[in-house]
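Residue numbers (the numbering used here), protein chains in the order written: chain A, 6 to 118; chain B, 6 to 118.
Glycine included, C-beta positions come from ideal geometry on N, C-alpha and C.
One structure is given below, encoded as structure tokens.
Number of protein chains: 2
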Amino acid sequence: MQDDLHRFKAGIFQALAHPSRIAIIELLRDEGKVPVSGIFERLGLEQANVSQHLAVLRSKQIVIGRKEGNQVFYSLRDRIIGKVLDLLRQYFEAHLKEALDLLKDMKTDDSLA
Amino acid sequence: MQDDLHRFKAGIFQALAHPSRIAIIELLRDEGKVPVSGIFERLGLEQANVSQHLAVLRSKQIVIGRKEGNQVFYSLRDRIIGKVLDLLRQYFEAHLKEALDLLKDMKTDDSLA
DNA sequence: TCTATATATTCGAAGATTCGAATATTGTCA
DNA sequence: TGACAATATTCGAATCTTCGAATATATAGA
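Written as structure tokens, this is what we have:
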């Protein structure tokens, strides 16, 4: 059971573990309710790609989509997820220097790969 | 820059996205400071595997290890990470029913795979 | 120094994730 | 009904993650 809870949490984190999905969540947090077209236009992503990311978020029930006529409007299912992101922003600011170094590392790793 | 922050957050979530790593973090949160041997004994994991997970957590600076003689004692670098896990426990409780269904899905997916 | 203990790293196979391209589905309006 | 618009799904290649096995490194004590 302890392990079940660990799996549950890990599953949520996994769903959050992609920059585009974070961007989607923050957009929904800020705007409340956005159609898919609004998401991919605002974020400059491919339609299919956004649909795939939304499928991941839906599968973990982080996000819900409601049909309205022709479109599907997405929103966060629970404000707590927004709070988690806020905590991480705090964390980022508290360790700004090291966080920036970390980002730099990620980039150079990418460019060397 | 917005995108950098998204990458940073995604990187942290990725580091948290594994049941064993969650277990390690919760152990450190509860006990404060634990040697590697204490971690793998308490969690029933392989030594090498725990070292690998610790390497992931170290690379994102979620955890720090300090040598004391023969051993390395690990602890959380910042209480905020513990708070993130607490929020998720709240989240789990708030959506207990669906969360349990989700867990069931994960299991059946596993067993069918 | 030799040996034992504690931890970390490297390797390779199995599995998971990601993306764009192509295609399917659903709803609207003529 | 047919044509279009919005969204979702499937496929396959590239990339990343995970694990145990084997090996490396570091410290302590005889």
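Beta bridge counterpart(s) of residue i as assigned by DSSP
{"i": "G4(B)", "result": "Outside the shown range of chain B (6 to 118) lies residue 4(B), about which nothing can therefore be said."}
{"i": "P40(B)", "result": "F78(B)"}
Reduced DSSP category for residue i - H, G, I as helix; E, B as strand; rest coil
{"i": "S116(A)", "result": "The pLDDT assigned to S116(A) is 45, lower than 50, so where the model puts this residue is not dependable, and the model offers no usable value."}
{"i": "A28(A)", "result": "helix"}
{"i": "E103(A)", "result": "helix"}
{"i": "H11(B)", "result": "helix"}
{"i": "G16(B)", "result": "helix"}
{"i": "K65(A)", "result": "coil"}
{"i": "A53(B)", "result": "helix"}
{"i": "H58(A)", "result": "helix"}
Exposure of residue i, with buried meaning 16 or more beta-carbon neighbours within 10 Å
{"i": "S25(B)", "result": "buried"}
{"i": "A104(B)", "result": "buried"}
{"i": "Q36(B)", "result": "One point to set straight first is that residue 36(B) is Glu, not Gln, in the sequence displayed. E36(B) is exposed by the Cβ-count criterion."}
{"i": "K72(A)", "result": "exposed"}
{"i": "A22(A)", "result": "buried"}
{"i": "A28(A)", "result": "buried"}
{"i": "K14(B)", "result": "buried"}
{"i": "D115(A)", "result": "Model confidence at D115(A) stands at a pLDDT of 49, short of 50, so the residue's coordinates are unreliable; what they give is reported in the following sentence. Exposed is the call here."}
{"i": "L33(A)", "result": "buried"}
{"i": "G16(A)", "result": "buried"}
Amino acids of chain B, ordered along the chain, whose beta-carbon sits closer than 7 Å to that of residue i
{"i": "D9(A)", "result": "L108"}
Contacts of residue i in chain A (Cβ-Cβ under 8 Å)
{"i": "D83(B)", "result": "Y96, A99 and H100"}
Where residue i meets chain B, residues with beta-carbon distance less than 8 Å
{"i": "K88(A)", "result": "L92"}
Near the ligand SAM: residue i beta-carbon under 7 Å from a heavy atom
{"i": "G49(A)", "result": "Absence of the ligand SAM from the depicted structure is noted, as is the absence of any ligand whatsoever, leaving it without description."}
(message) Under 9 Å, CB to CB, which of the residues in the region 90 to 105 of chain A have a partner in chain B?
(response) L90, L92, L93, R94, Q95, Y96, F97, A99, H100, E103, A104 and L105
(request) Check each residue of the region 13 to 31 of chain A: if its Cβ is closer than 7 Å to any Cβ of chain B, include it; give the result in chain order. (result) F13, K14, A15, G16, I17, F18, Q19, L21, A22, H23, P24, I27 and A28
(request) Give, in chain order, every residue of the region 41 to 67 of chain B whose Cβ lies closer than 8 Å to some Cβ of chain A. (result) K65 and Q66
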